[in-house]
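As you go down the protein sequences, you meet chains A and B in turn.
The opening position of the first sequence corresponds to residue 903 in this note's numbering, with each subsequent residue numbered one higher.
The opening position of the second sequence corresponds to residue 1270 in this note's numbering, with each subsequent residue numbered one higher.
We put the beta carbon where it would ideally sit given N, CA and C, even for glycine.
Written below as structure tokens is the structure these notes are about.
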Amino acid sequence: MHITEGFLPPLHAAAWTAVSLPFVAVSVYRVNRLMREKPEIKLLLAASGAFAFVISALKLPSVTGSCSHATGTGLGAILFGPSVMALLGTIVLAFQAMLLAHGGITTLGANVFSMAIVGPWVAYVVLRAAQGLQAPLAFSVFLAAMLGDWATYLTTAGQLALAFSDPISGVAGSFLKFAGVFAPTQLPLAVVEGLLTVVIVNFLREYSSDELRNLRFLPKTLVSEVRL
Amino acid sequence: MKARNSWLLALAVAFILASVLVGSRREGAEFAGTDGQAMAAVATLSPDYQPWFDFIWEPPPEVASGLFALQAALGAGVLGYYLGFKRGQRQGQRKRSDAGD
């Protein structure tokens, strides 16, 4: 989902940066307030960021004979709400753009939008919906992280399609083309991300009940099931 | 929790292994990154497009692999610290309550 440096026309790069900026600004405010009001959750916040850090560094092989990576932003969105992840995801993407020549500065806004905004929001909405339908918690978390991962890659496909429409079939045609590059490879990787996210949430329910009870974004089921 | 997580982790590993097996049987499977493939697709859709900005700094390939490892290590380190810390905390609480504190 990393659009490489310079691979979005200037106008698109500027537009995506403008779209992402307010989300990141709100995120900075939220993270600051969270750390001031509940200093005891700082460590859990760092751990959620670390999860995205490690999981987005690992390029995993897929059934298509290509490689890709998971995003790891679903976990934080489930624990802290989606807006907090915009900042953590931006840190990950900026690290990769500046030190690893992966992604880019001009494309940072677009990449932040797909990985740090759309992914977390989809994960959060899916979790809420699944919980509303009384799905088991582990399954809801799995579904949320998996669909958040997919949504990120489909967003990237959409961003590229808008910038480079197919001369014959237009934006829709090129969207299918870009989605065809990302989606099949991402299919099993998103499942792996879903499974790993459930593993971490299982651990937290066992050992971090004190911190979970402090998070107002959490679905009630996550807290009430915590063993005291 | 422990047994369930072991199963989930085993399932995740099995998924990755199966993906490699299925993927490597494909013709021309090189396990290239999809990011690179998408940029190649840009070149076929708009052959005239020239990236207008280049990386400010690009690490040499060997250094890049080290930096990727550093990213994973930093993430795994912090995550592992947290998980170990919480587990130890719980065990400490248990010991104290056993001793009647």
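- Item | Interface partners of residue 1329 of chain B on chain A, CB under 9 Å | Within 9 Å Cβ-Cβ: nothing; residue 1329 of chain B doesn't reach chain A, min ~10 Å.
- Item | Nearest-angstrom Cβ-Cβ length linking residue 1095 of chain A and residue 908 of chain A, presumed shorter than 8 Å | With 8 Å as the limit, residue 1095 of chain A and residue 908 of chain A do not qualify as a contact, their Cβ atoms being about 29 Å apart.
- Item | residue 1043 of chain A versus residue 979 of chain A - alpha carbon distance | 11 Å
- Cβ atoms of residue 910 of chain A and residue 1061 of chain A: under 9 Å apart, would you say? yes
- Query: Any heavy atom of the ligand HEM closer than 8 Å to the CB of residue 929 of chain A?
  - Reply: The model depicted lacks the ligand HEM and carries no ligand whatsoever.
- Message: Please report the distance separating the alpha-carbon of residue 1129 of chain A from that of residue 1079 of chain A.
- Response: Note on residue 1129 of chain A: pLDDT 39, under 50, position unreliable in the model; the coordinate value appears next. Rounded to the nearest whole angstrom, the CA to CA distance from residue 1129 of chain A to residue 1079 of chain A is 48 Å.
- Item | Residues of the stretch 1296–1307 of chain B whose Cβ lies closer than 9 Å to any Cβ of chain A, in chain order | 1296, 1297, 1298, 1299, 1300, 1301, 1302, 1303, 1304, 1305, 1306 and 1307
- Task: Using a Cβ cut-off of 7 Å, pull out every chain A residue sitting near residue 1273 of chain B, in sequence order please.
- Result: 1104
- Task: Measure the C-alpha to C-alpha separation of residue 1028 of chain A and residue 1041 of chain A and round it to an integer number of angstroms.
- Result: 11 Å
- Query: Relative to the C-alpha of residue 1053 of chain A, which residue among A/1015, A/1006, A/1064 and A/1034 is closest?
  - Reply: A/1015
- Item | alpha helix (DSSP H) runs wholly inside the stretch 967–1047 of chain A, at least 4 long, in chain order | Runs found: 975–982, 984–1001, 1010–1014 and 1021–1034.
- Task: Could you please give the first and the last residue of the uninterrupted alpha helix (DSSP H) stretch that includes residue 1321 of chain B?
- Result: No alpha helix (DSSP H) contains residue 1321 of chain B, which DSSP labels as neither H nor E.
- Query: Residues bridged to residue 962 of chain A by DSSP?
  - Reply: A/970
- If you draw a straight line from the C-alpha of residue 1010 of chain A to the C-alpha of residue 960 of chain A, how long is it? 20 Å
- Query: According to DSSP, which residues form a beta bridge with residue 1301 of chain B?
  - Reply: DSSP, once it has assigned bridges, lists A/968 as partnering residue 1301 of chain B.
- Can you give the Cα-Cα distance for residue 1332 of chain B and residue 1339 of chain B, rounded to whole angstroms? 10 Å
- Local Cβ density within 10 Å of residue 1070 of chain A, reported as buried at 16 or more and exposed below that: exposed
- Tell me, which residues are paired with residue 1072 of chain A by DSSP? DSSP, once it has assigned bridges, lists A/1068 as partnering residue 1072 of chain A.
- Query: What residue does the alpha helix (DSSP H) around residue 906 of chain A start on, and which one ends it?
  - Reply: Where residue 906 of chain A is concerned, there is no enclosing alpha helix (DSSP H), given that its DSSP letter is neither H nor E.
- Under the three-state DSSP convention, the category residue 1328 of chain B falls into: coil
- By how many angstroms is the C-alpha of residue 925 of chain A removed from the C-alpha of residue 1099 of chain A? 24 Å
- Are the Cβ atoms of residue 1050 of chain A and residue 1022 of chain A separated by less than 9 Å? yes
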